[in-house]
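Data first, discussion second: the structure below is written as structure tokens.
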Amino acid sequence: MVVVRASGYLFDHQIQYPIWEPPAEQLQRWLQELGIGGVILLGGSAVELALRSKQLQEWAKIPLLIAADIEEGVGQRFAGATWFPPPMALGAIAQNDPEPALQYVRTMGEITATEALAIGINWILAPVVDVNNNSKNPVINVRSFGDNPQIVSQLASAFIQGTRQYPVLTTAKHFPGHGDTATDSHLDLPVLPHSPPRLATVELPPFTNAIAAGVDAIMTAHLLITAWDDQHPATLSERILTQLLRTDLGFEGLIVTDALVMGAIANRYGADEATVMAVEAGADILLMPVNPETAIQAVCQAVEQGRISRSRIQASVERISRAKRKVGYHCQREGLEEHSAAQQIPSLQNPPSQPVLESGLDDDPAQQPITFQPNPNWLSQLAQPTTITTVADILQASQITRGFLALSSIPSSSNQPLRNLILVDDLLACDFLGQHTPAVALPRRLGYKLQLVDSHTTLPSEVVDNFVGAKTTLLQLFIRGNPFRGSAGLTAVARAWLKMLLKTGDLQALVIYGSPYVLEQFLPELPPETPYVFSYGQMPAAQAIALKALLPESPTIDTFVRFI
């Protein structure tokens, strides 16, 4: 019932988040001695992850569910695989032309499942089915398909349908709806004050449609919904998880908590008490408890004391076992004989070390597990030309442009300095920019001098003198919702730079990658003659296509377009 986070990299010295990602010796002990049931991975390339997932399965006492937050495809988290635009790009296409959008999303689900399985991931923590109708939402933002419950429902269901032919689990999140919040639950507890009729018409429909489409798991939201439970956040609420989700909506799959290390839960309820409350509420899987060892001890103690019934644990184990059968694991469940406290939760007995297990559970063919043998040429499953074309088509169909820059209008560097001003939220956490990526490399070829700024940089009035003689400015903003940093939309630095460039008349063109809410805020201030491009994506492919629209005459841009 416990899923821990681990680094996708193979070696301890590569661990990037030591607070959450244990070293190899500790992780191996958790898997072998505690019987941890799953791992959520972050970091590393797709090739590294294929080796890492194999290593973890060989360590495990119980065949593992290996999960990843790959809402935008496997390449969002693991370099080399396919990185799709965020879901809101598909929602934007659906507003004008639903059928192509539905086909794109089905294809996205199919490709994500194929690539996930190729590198050992069998649990996709997607789709996000929150209805993002709050432009100040710092945690959902473009991760949502949009602000229309019907469109969100249709697209999320299409994603799930796209994965159905593959032995992989999908997850609708974050129940019962995290879209209308202005507080980041990674940091604090959001409150949703809406009435039951409003919740039933906006927040719940995408979840009911996901259940009808066959979603395997539903992830809880760390938020307080006063109309349903004014004492407990959804993750810890029996009224919401057991009564509403299980009984009223009839969901029979896995209920998984959002990460229990998040501030909305860990800071208010205590690390171990929160795990017990989540199980009491009806959660089957405890995702990223602060301390897995003490969390397991706390739940075992709650069983011993009668606070949690053994049947409550048994029901979760049966659901987990059923999910593992779907991904190809044949597991036998132990009885509840008296063991030590650490063993009183029923476990899955003596699995083979390999991730593909034998079939044959019983006489019912419908209950036979799917045996999935990874393609020995698994690298051929990643980032295929047709897949890259699909990504480019989505980016092109969802992009917004006004005007373009003619090469003849760009002063030569000998006459007037040119500046390529790129603003990102955090330069140290920026995996979509590099010397080779189009946003940097293409302007350099045209004579622009690079200047990088992030939200930690001093304001332009304090740094403008450090860029002597630079006037004509191509401004490229990479801004979208950023969990853990508490802000979706414009940073103070971005606002200050735009204001200064408009005041001096030095803004040549604007490119925004990420949130459409940023574009909405900038447009009223932007002179009508100033060209701009907006792209939902931030990855190199999005950069190349956006700059192709801005600089259609450039002979060098075709190199980048062919590259992606």
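If you're matching positions, the sequence shown starts at 1 in full-length UniProt numbering and goes up one per residue. Backbone N, C-alpha and C define an ideal beta-carbon position, used for all residues, glycine too. Fair warning: this is a prediction, and the values are worked out from it, not measured in the lab.
Next item on the list: Output yes or no for whether 9 Å exceeds the beta carbon distance between A126 and T181.
Entry: no
Notebook entry, point to check: Who are the Cβ neighbours of V3 in its own chain at under 8 Å, not counting the five residues just before and after it?
Noted result: I36, G37, G38, V39, I40, L65, A67, V256, I285, L286, L287, M288
Notebook entry, point to check: By how many angstroms is the C-alpha of D130 removed from the C-alpha of S554?
Noted result: Distance between the alpha carbons of S554 and D130: 40 Å.
Margin query: Please identify the residue among P385, T235, G75 whose C-alpha is closest to the C-alpha of E273.
Written below: T235
Notebook entry, point to check: Would you call K503 buried or exposed, if buried means 16 or more other Cβ atoms sit within 10 Å of its Cβ?
Noted result: Classification of K503: exposed, given that the 10 Å Cβ count is below 16.
Margin query: Distance check for A429 and D454, CA to CA, integer angstroms please.
Written below: Those two C-alpha atoms are separated by around 10 Å.
Margin query: Applying the 10 Å Cβ sphere with the 16-neighbour rule, what's the burial state of N132?
Written below: buried
Next item on the list: Would you decide whether P190 is buried or exposed? Buried here means 16 or more other CB atoms lie within 10 Å of its CB.
Entry: buried
Notebook entry, point to check: Where K326 and K449 are concerned, what is the direct C-alpha to C-alpha distance, given to the nearest angstrom?
Noted result: Cα to Cα, K326 sits roughly 54 Å from K449.
Notebook entry, point to check: Is the Cβ-Cβ distance between G403 and A89 less than 9 Å?
Noted result: Going by beta carbons, G403 and A89 fall outside the 9 Å limit.
Note to self: At the level of alpha carbons, what is the spacing between H232 and Q381?
What the structure shows: In a straight line, the C-alpha of H232 is about 44 Å away from that of Q381.
Checklist line | Run of the alpha helix (DSSP H) containing Q504, from where it starts to where it stops | finding: The sequence shown places Thr at residue 504, rather than the Gln named in the question. Unbroken alpha helix (DSSP H) run through T504: 492-504.
Checklist line | Local Cβ density within 10 Å of Q14, reported as buried at 16 or more and exposed below that | finding: Flag for Q14 reads exposed.
Margin query: Need the endpoints of the beta strand (DSSP E) that N420 sits in, please.
Written below: 418-424
Notebook entry, point to check: Excluding sequence positions up to five away, which residues of its chain have a Cβ less than 7 Å from the Cβ of E48?
Noted result: For E48, where only same-chain residues beyond five positions count, the Cβ hits under 7 Å are G8, Y9, L10.
Checklist line | I313 to F175 span [Cα, whole Å] | finding: When rounded, the separation of the alpha-carbon atoms in I313 and F175 is 21 Å.
Next item on the list: State buried or exposed for D425, treating a residue as buried only when at least 16 other CB atoms are found within 10 Å of its CB.
Entry: buried
Check: Near R239, what residues of its chain come up, given a Cβ to Cβ distance below 7 Å and the 5 sequence neighbours on each side ignored?
Finding: W228, D229
Checklist line | For P86 and G177, the rounded distance between their alpha carbons | finding: 18 Å
Next item on the list: Give the straight-line distance between the Cα atoms of A213 and G162, rounded to the nearest whole angstrom.
Entry: 10 Å
Check: Exposed or buried, what is residue 597 when buried is set at 16 or more other beta-carbons lying within 10 Å of its beta-carbon?
Finding: Here the chain comprises residues numbered 1 to 564, so residue 597 is not present and cannot be evaluated.
Next item on the list: Excluding the 5 residues preceding and the 5 following D69 in the sequence, name in chain order all residues of the same chain whose CB lies nearer than 6 Å to its CB.
Entry: L125
Note to self: Please identify the residue among E280, Y104, A281, G73 whose C-alpha is closest to the C-alpha of M539.
What the structure shows: G73
Next item on the list: Whole angstroms is fine: what's the gap from L31's alpha carbon to I394's?
Entry: 40 Å
Next item on the list: Please state whether DSSP places T112 in a helix, a strand or coil.
Entry: helix
Checklist line | Sequence-distant residues of the same chain with beta carbon closer than 6 Å to I93, five excluded per side | finding: A101, A397, S398
Margin query: Tell me the DSSP secondary structure of A281 in three-state form.
Written below: helix
Note to self: Could you give the first and the last residue of the continuous alpha helix (DSSP H) run that contains T181?
What the structure shows: From DSSP, T181 is part of no alpha helix (DSSP H); its letter is neither H nor E.
Next item on the list: Give the DSSP-derived three-state secondary structure of Y448 in the structure shown.
Entry: The answer is strand: DSSP assigns Y448 an E or B state.
Notebook entry, point to check: Exposed or buried, what is R307 when buried is set at 16 or more other beta-carbons lying within 10 Å of its beta-carbon?
Noted result: Around the beta carbon of R307, fewer than 16 other beta carbons lie within 10 angstroms, which makes this residue exposed.
Note to self: Please give me, in chain order, every unbroken run of the beta strand (DSSP E) with length at least 3 that falls completely inside the stretch 512-556.
What the structure shows: 532-535
Next item on the list: Report yes or no: do three or more beta-carbon pairs, one from the stretch 247-261 and one from the stretch 204-218, lie closer than 8 Å?
Entry: Yes, the stretch 247-261 is in contact with the stretch 204-218.
Item checked: Pick from L475, T247, E525 that is closest to Y513, judged by C-alpha positions -> Measuring C-alpha to C-alpha distances from Y513 to each of L475, T247, E525 identifies L475 as the nearest.
Check: Which residues mark the beginning and the end of the beta strand (DSSP E) in which T473 is found?
Finding: Segment 472-479, the beta strand (DSSP E) holding T473.
Checklist line | Extent of the continuous alpha helix (DSSP H) run through T390 | finding: Counting along the chain, the alpha helix (DSSP H) containing T390 begins and ends at 385-398.
Notebook entry, point to check: So T457 and R419 are in contact, right, with Cβ under 8 Å, and what is the actual spacing, rounded?
Noted result: Between R419 and T457 the Cβ distance is about 15 Å, and since that is not below 8 Å, they are no contact.
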